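Going by my numbering, the sequence shown opens with residue 3, and the numbers climb by one from there.
We put the beta carbon where it would ideally sit given N, CA and C, even for glycine.
Here the structure is a predicted model, which means the values were calculated and not measured.
Reviewing the structure listed below.
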Amino acid sequence: MENMQNNSFATCGGTFFFDKPEGIKIIPGNVQSTRIPDTKREFMELKKQELLRQRFTDPAEKERDSTCVICGDKNTEAFIFPTCRMVHCFACEDCIPGILKFGSACRFPGCESDNLLKEDSEKTVEQHKRNWVENGGTTAYPLAIDLLTLAMPEFQAESVLLKRETTVTLKNIALSEVLLFKLLEKTKVVVGENVSVFGNFKGEDCIRAGTEFEGLCLLRPASFPRVQNNVFFMENIARMPKDSIKLGSVRKLELCGYAVNILPKLVLHEENEMEEFCLDAWNADHFSETMHVEDNSIRLGRVKKLELKSHAINILPKLALHEENVMEEFHQNADNAEHFSEIICRKNNSIKLGKVKSLELNNYSVSILPMLMLHEENEMKMFRLRIDKTKYVSEIIHAQDSSILLGKVKRLELKLFGINILPKLVLHEENVMEEFYLDPDKKEYVSEIIHAKNNSIWFGKVRRLELKLFGINCEVGARESYDIADRGRVYFSKASSHTPLLRPDVVCVFITLCNLL
């Protein structure tokens, strides 16, 4: 029993599920022998008995009437073994080598390539033992079936094999995320009513009776694995109805690669509160199915931290957050323009984020900033842009000045090329900024903003303005601070360099450009 559990990927009661190249083997615990056989003949005899049980209603009668296809010896006089898995003929131990000299052991149509006799007769005892453990304590191949309605497996009487051609129907059932993904990768899955998914540890039951959200919330939250067979998985996802699998309440939901496509099929509890939601799609195929759903149709409930990596940023318009959601952190990073192939066509202020306390966009992800719409009463603790190449601002630089509404912001950081976006931003008219941090340590980082008119960028009340400059050795930069109309102070931080890249007038322009009350 211990060997079966160690080699299976899921269990339920006394039934074990095995992941094999040919499909999923479901083996009841009662089919295993109480001991591991010691000889090759014992292994082959056990396999013969299992094949006879699978093929015939009266296996004992078939065995009594069996004879060697070469010499005619009966089963009572010598040990004979089937020449194929369909048990068309038998061969005795003495005649097996002679049969194998002529290639195929069975001439019946469809069995020409069946190598059962060759494989089992040439195996060593150690190889038989290893296969015994791998197959969960059985010798013969399980019976391949075409249809299966998955249910609690207590009534499973014999071993079965679920192949790619097998249609598995899910109805009034809850199953583990591991079992669900294996079925999606290796069979044809039909999802009916009242289907839910939960998480479980190895050794715990992977199947439960269908349940409502109240019962599902008592189970372990699902944690979805990565997809191994993307072709079958994607075919099954395409057939699956939207909102057809209940997920219940989860604190963290992370989907990577092709697994992202199952997102529209999941249903969360309407009052779900998620600590973290993360999607990572590093290939365009990883979100292809998700892009077919309507905008604002994937209901996430409340989410504290939202992160969409690489191509997954394109899914943002499809998500719908709770109307009273307050997001602690919205963080995006992208280094490839292809990651925004879909979302870049969206209209400004078309993607509702609601209230966000910390918003950080790096490199190409800054392109979505004009499309985001924050709550009109939003109060942000941190707004940060970090852009280290000029190509990353090629789209947003064309946005109209004063067109991106941020609301109230406590700390605003613009690093490297991100400083050029400053004229596009608009703060709440009553905003009091605790800290305004600029990091222009090279002249090219201010290539656009340097052309703006004086007093053209309105930022209200600022308590601390810090400029981190590259190699300051001018009169203004040498001072520790600079007063702004007794309203706040400008702090200059030196970087390690011997060559001044910013002239004194470039330093001062940040003071005169901004109307700091």
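| Asked | Found |
| --- | --- |
| What is the residue span of the alpha helix (DSSP H) that Ile98 lies within? | Ile98 to Lys103 |
| Determine the direct distance from the alpha carbon of Lys354 to that of Trp460, and round the result to whole angstroms. | 25 angstroms |
| Rounded C-beta distance between Lys383 and Lys412? I'm assuming under 8 angstroms. | 5 angstroms |
| With a Cβ-Cβ cutoff of 8 angstroms, do Ile2 and Glu291 count as a contact? | Outside the displayed range of the chain (3 to 519) lies residue 2, so it cannot be described from this structure. |
| Going along the chain, which residues of its own chain have a beta-carbon closer than 6 angstroms to the beta-carbon of Glu278, five neighbours each way excluded? | Lys254 and Lys307 |
| Would you give the residue range spanned by the beta strand (DSSP E) that Gly217 belongs to? | Here Gly217 belongs to no beta strand (DSSP E); instead the alpha helix (DSSP H) covers Phe215 to Leu218. |
| Run through DSSP, which three-state label would Ile317 get? | helix |
| So for Leu177, helix, strand or coil by DSSP? | strand |
| If you scan the region 284-371 from start to end, which runs of the alpha helix (DSSP H) of 4 or more residues do you find wholly inside it? | none |
| In this structure, what does DSSP give as the bridge partners for Lys120? | Note: Lys120 sits in no beta bridge, so no partner. |
| So, are the CB atoms of Phe58 and Lys64 less than 8 angstroms apart? | yes |
| May I have the straight-line CA-CA distance separating Ser312 from Ser396, to the nearest angstrom? | 18 angstroms |
| For Cys258, I'd like the list of residues in its chain whose CB is within less than 6 angstroms of its CB, leaving aside the five on either flank, ordered along the chain. | Arg228 and Asp282 |
| Would you tell me roughly how many angstroms separate the C-alpha atoms of Lys349 and Met373, rounded to the nearest one? | 6 angstroms |
| Helix or strand or just coil, what does DSSP make of Glu187? | helix |
| Can you tell me where the beta strand (DSSP E) holding Glu415 begins and where it ends? | Ile406 to Leu418 |
| Since I believe Ile247 is in contact with Ser299 (beta carbons under 8 angstroms), could you give me their beta-carbon distance rounded to a whole number of angstroms? | At roughly 15 angstroms, the Cβ-Cβ gap does not stay under 8 angstroms, so Ser299 and Ile247 are not in contact. |
| Is the region 6-20 in contact with the region 107-126, if contact means three or more CB pairs nearer than 8 angstroms? | no |
| With C-beta atoms as the reference, is Cys275 less than 8 angstroms away from Phe226? | It should be pointed out that residue 275 corresponds to Glu in this sequence rather than to Cys. In this structure, Phe226 does not lie closer than 8 angstroms to Glu275 by Cβ. |
| Does the beta-carbon of Ser343 have 16 or more other beta-carbons within 10 angstroms, so that it is buried, or is it exposed? | exposed |
| Counting only runs of 3+ residues fully inside the region 223-281, write out the beta strand (DSSP E) ranges in chain order. | 247-250, 254-258 and 268-270 |
| For the candidate residues Asp207, Glu272, Leu53 and Lys173, whose alpha-carbon lies nearest to that of Cys219? | Glu272 |
| Closer than 8 angstroms by C-beta to Glu436: which residues in its own chain qualify, once you throw out the five before and the five after it? Chain order, please. | Lys412, Arg413, Arg465 and Arg466 |
| Beta-carbon within less than 7 angstroms of Ala314's beta-carbon, same chain only, minus the 5 sequence neighbours each way: which residues are those? | Val262, Leu281, Asp282, Ala283 and Phe289 |
| Does DSSP put Ala12 in a helix, in a strand, or in coil? | strand |
| Could you give the residue range of the alpha helix (DSSP H) that holds Arg87? | Premise fails: Arg87 is in no alpha helix (DSSP H) and is neither H nor E. |
| Would DSSP call Ile399 helix, strand or coil? | helix |
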